[in-house]
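**Q** My structure is below; once you've seen it, I'll send some questions.
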Amino acid sequence: MPAAVLVGAQWGDEGKGKATDLLGGDVDYVVRYQGGNNAGHTVVIGDQKYALHLLPTGILSPEVVPVIGNGVVIDPGVLLSEIDGLAARGISAERLLISSNAHLIMPHHKALDKVTERYLGKAKIGTTGRGIGPAYGDKIARMGVRVQDLLDPGILAKKIEVALTEKNQVLTKVYNRRGIDLEAVLEEYLAYAERLKPHIADTSLVLSKALDEGKFVLLEGGQGTLLDIDHGTYPFVTSSSPTSGGACAGAGIPPNRLTKIIGILKAYTTRVGSGPFPTELTDEMGDWLRQTGGEYGVTTGRNRRCGWFDAVIARYATRINGITDYFLTKLDVLSGLERIPVCVAYEVDGVRHDEIPMTQTDFHHATPIYEEFPGWQEDITSAKSFDDLPPNAQAYVRTLEEMSGAPISAIGVGPGRDQTVVVRSLV
Ligand code: IMP
Numbered sequence: 009m010p011a012a013v014l015v016g017a018q019w020g021d022e023g024k025g026k027a028t029d030l031l032g033g034d035v036d037y038v039v040r041y042q043g044g045n046n047a048g049h050t051v052v053i054g055d056q057k058y059a060l061h062l063l064p065t066g067i068l069s070p071e072v073v074p075v076i077g078n079g080v081v082i083d084p085g086v087l088l089s090e091i092d093g094l095a096a097r098g099i100s101a102e103r104l105l106i107s108s109n110a111h112l113i114m115p116h117h118k119a120l121d122k123v124t125e126r127y128l129g130k131a132k133i134g135t136t137g138r139g140i141g142p143a144y145g146d147k148i149a150r151m152g153v154r155v156q157d158l159l160d161p162g163i164l165a166k167k168i169e170v171a172l173t174e175k176n177q178v179l180t181k182v183y184n185r186r187g188i189d190l191e192a193v194l195e196e197y198l199a200y201a202e203r204l205k206p207h208i209a210d211t212s213l214v215l216s217k218a219l220d221e222g223k224f225v226l227l228e229g230g231q232g233t234l235l236d237i238d239h240g241t242y243p244f245v246t247s248s249s250p251t252s253g254g255a256c257a258g259a260g261i262p263p264n265r266l267t268k269i270i271g272i273l274k275a276y277t278t279r280v281g282s283g284p285f286p287t288e289l290t291d292e293m294g295d296w297l298r299q300t301g302g303e304y305g306v307t308t309g310r311n312r313r314c315g316w317f318d319a320v321i322a323r324y325a326t327r328i329n330g331i332t333d334y335f336l337t338k339l340d341v342l343s344g345l346e347r348i349p350v351c352v353a354y355e356v357d358g359v360r361h362d363e364i365p366m367t368q369t370d371f372h373h374a375t376p377i378y379e380e381f382p383g384w385q386e387d388i389t390s391a392k393s394f395d396d397l398p399p400n401a402q403a404y405v406r407t408l409e410e411m412s413g414a415p416i417s418a419i420g421v422g423p424g425r426d427q428t429v430v431v432r433s434l435v
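Adding 8 to a residue's 1-based position in the sequence shown gives its number in the working numbering.
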């Protein structure tokens, strides 16, 4: 049976929660495969709004098993407060499984994330400050602390001690900060261990067995393609692989299990943090998109940078991820515009580029080449089928589909669970 991947096709915040939610009824397992509590998914159910950072969106459906895969970095304090927050609203996290191989975000990761950003000054990445980069750095450097270490207090103490021996030198001698107290961290993490123990599992094995039994596994990425450590706008990226290749590594599922790779694409573009963004609008049009689309970070509350749809980016996402279907979100936000510009290529020093320029320098200098399409004035928030959309909205969707190179199979026309036009089944 199939495993499907949901991947952001732009710079994150494309509205993945809504897509997961749409698939909810068909799905048995929802797996987060990378990132950490830098992500933010908003899911609206009835008059209730849920903002999730670390928990897979499947947590909201009682029949789904939510899984945090080995590719995720976990801040246990944040995870537990998210679990408690949901419990207070009557939602149980009892079914949650956490990979024993996932890495833990430690206090020194958070301290280093903040202090290194400060030292970068103008060149800062604009991270979420949640310790994501330093935690992945330690994972790659083979000095991370993993979820399974919580099961053995002796090992946990040893690993924290080794890490702090080095990190406290860096914090105190390089950055002139206070060192972190080993005993306090150990006590804090042993308390987390007590609560997290029942959830720790060999999730790769669980998922493999589930697939053998014919269950449907949905792999849910955080962030987006252009924030990928390898394929994004490096160094202005996150420290993991949100792209579909990363989904296999981060969930412990082999590539030949994947049957659908669903890209989430916003009808315009947003980005948080620093880095190139060719179609960014810094004028009142950008403010209008931000206000109309509610483009404020779920995690940090920061204003999102806003701009027109960029077909070069979408084509790139199709290629890098092998997108089989797109879920186009927030089409309703564009209602009321006379004309809608779409970036079809870039110009760099007088030369046209139909693909993302090879070098960072060229991408920083890319200016968009726009084509304009007629807008629509109608309210589309109650559209139920593609035919319910005004002709110009239909034409806009068809244009994006053609330029992106993959079929648009679902369209978001409002924030609610039922405000989705399904063109063809995503399963
Ligand atoms: P980090 O992931 O906190 O290290 O931040 C690195 C970059 O990724 C920054 O530009 C963040 O704004 C961006 N980023 C991280 N998570 C998200 C997300 O969920 N949505 C959008 N941008 C994100």
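No residue lacks a Cβ here, since even glycine has one placed at the ideal position from N, Cα and C.
Who are the Cβ neighbours of THR290 in its own chain at under 6 Å, not counting the five residues just before and after it?
**A** Counting only Cβ-Cβ distances below 6 Å, and skipping sequence neighbours, we find nothing.
**Q** Using 10 angstroms around the beta-carbon of LYS392, count the other beta-carbons present and answer buried if the total reaches 16, otherwise exposed.
**A** With fewer than 16 Cβ atoms within 10 Å of its Cβ, LYS392 is classed as exposed.
**Q** Specify the secondary structure class of TYR183 as computed by DSSP and reduced to three states.
**A** Note: TYR183 maps to coil in three-state DSSP.
**Q** Could you give the DSSP three-state label for HIS239: helix, strand or coil?
**A** DSSP places HIS239 in coil when its eight states are reduced to three.
**Q** Taking 7 Å as the cut-off, does the CB of ASN311 come closer than this to any heavy atom belonging to ligand 1?
**A** Because no heavy atom of ligand 1 lies under 7 Å away, the Cβ of ASN311 does not count as near it: no.
**Q** In the DSSP output, what is LYS268 paired with across the bridge?
**A** Per DSSP, ALA12.
**Q** Do ALA47 and ligand 1 come close, with the Cβ less than 7 Å from some heavy atom?
**A** Because some heavy atom of ligand 1 lies under 7 Å away, the Cβ of ALA47 counts as near it: yes.
**Q** Below 8 Å on the Cβ atoms is my contact criterion, and I expect GLY420 with THR407 to pass it. Report the Cβ-Cβ distance as a whole number of Å.
**A** At roughly 17 Å, the Cβ-Cβ gap does not stay under 8 Å, so GLY420 and THR407 are not in contact.
**Q** Taking 7 Å as the cut-off, does the CB of VAL75 come closer than this to any heavy atom belonging to ligand 1?
**A** Checking the Cβ of VAL75 against ligand 1 gives no.
**Q** Considering only residues of the same chain and omitting the five flanking positions on each side of THR300, which have a CB-CB separation below 7 Å?
**A** If we look at THR300 and ignore the five residues flanking it on each side, its Cβ neighbours are VAL341.
**Q** Compare the Cα-Cα distances from ARG432 to each of SER417, PRO423, ASP238 and ALA171 and report the closest residue.
**A** When only C-alpha atoms are compared, the closest one is SER417.
**Q** For GLU471, which option in GLY16, MET114 and PHE335 has the closest C-alpha, if you only look at C-alpha atoms?
**A** Summary: the structure shown does not reach residue 471, with the chain confined to residues 9 through 435, and so no result is reported for it.
**Q** So, is GLY43 buried or exposed, given that buried needs 16 or more other C-beta atoms within 10 angstroms?
**A** With 16 or more other Cβ atoms within 10 Å, it is buried.
**Q** Within the chosen definition, does the segment 275-294 reach the segment 139-158 through at least 3 CB pairs nearer than 8 Å?
**A** The segment 275-294, when compared against the segment 139-158, does not touch it at the 8 Å Cβ threshold.
**Q** Starting from VAL51, trace the beta strand (DSSP E) in both directions and tell me its first and last residue.
**A** Run containing VAL51: 49-53, per the beta strand (DSSP E) assignment.
**Q** May I have the straight-line CA-CA distance separating GLY254 from ARG185, to the nearest angstrom?
**A** If you take the alpha carbons of GLY254 and ARG185, they lie about 35 Å apart.
**Q** Where do the ends of the beta strand (DSSP E) carrying ARG323 lie?
**A** First-last for ARG323: 319-329, but that is the alpha helix (DSSP H), not the beta strand (DSSP E).
**Q** Nearest-angstrom Cα distance between ARG138 and ARG279?
**A** Each residue's Cα considered, the two are about 18 Å apart.
**Q** Can you tell me where the alpha helix (DSSP H) with SER412 in it begins and where it stops?
**A** That run of the alpha helix (DSSP H) goes 399-412.
**Q** Return yes when at least one heavy atom of ligand 3 lies under 7 Å from the C-beta of VAL123, else no.
**A** In terms of ligand content, the structure shown lacks ligand 3 and carries ligand 1 instead.
**Q** Does DSSP put LYS338 in a helix, in a strand, or in coil?
**A** In the structure shown, LYS338 sits in coil (DSSP, three-state: anything other than H, G, I, E or B).
**Q** VAL254 lies in the alpha helix (DSSP H); which residues open and close that run?
**A** Going by the sequence as given, residue 254 is Gly instead of Val. Counting along the chain, the alpha helix (DSSP H) containing GLY254 begins and ends at 252-259.
**Q** In this structure, what does DSSP give as the bridge partners for SER69?
**A** For SER69, which the question treats as bridged, DSSP gives no partner whatsoever.
**Q** Let me check understanding here. Comparing Cα to Cα, which of VAL72, LEU88, LYS130 and LEU158 lies closest to GLN111?
**A** In the sequence as displayed, the identity of residue 111 is His instead of Gln. Measuring from the Cα of HIS111, the nearest candidate turns out to be LEU158.
**Q** Heavy atom of ligand 1 less than 7 Å from the Cβ of VAL442, yes or no?
**A** With the chain covering only 9 through 435, there is no way to say anything about residue 442.
**Q** In this structure, how does DSSP classify TYR144 when only helix, strand and coil are distinguished?
**A** In this structure, TYR144 counts as helix in the three-state DSSP scheme.
**Q** Could you check if GLN231 belongs to the surroundings of ligand 1, using beta carbon to heavy atom distance under 7 Å?
**A** The answer is yes for GLN231.
**Q** Count the other CB atoms within 10 Å of the CB of ARG323; is the residue buried (16 or more) or exposed (fewer)?
**A** Per the 10 Å Cβ criterion, buried.
**Q** May I ask you to verify whether the segment 243-258 touches the segment 311-320, counting CB pairs closer than 8 Å and requiring at least 3?
**A** The segment 243-258 vs the segment 311-320: no contact.
**Q** Which residues bound the beta strand (DSSP E) around PHE381?
**A** It spans 375-382 - the beta strand (DSSP E) in which PHE381 sits, taken as one unbroken run.
**Q** Have a look at THR307 and VAL352 and give me their C-alpha separation to the nearest angstrom.
**A** Approximately 31 Å, taken between the alpha carbons.
**Q** Looking at ligand 1, does it come within less than 7 Å of TRP384, judged from the CB to the closest heavy atom?
**A** Outside the cutoff, so no.
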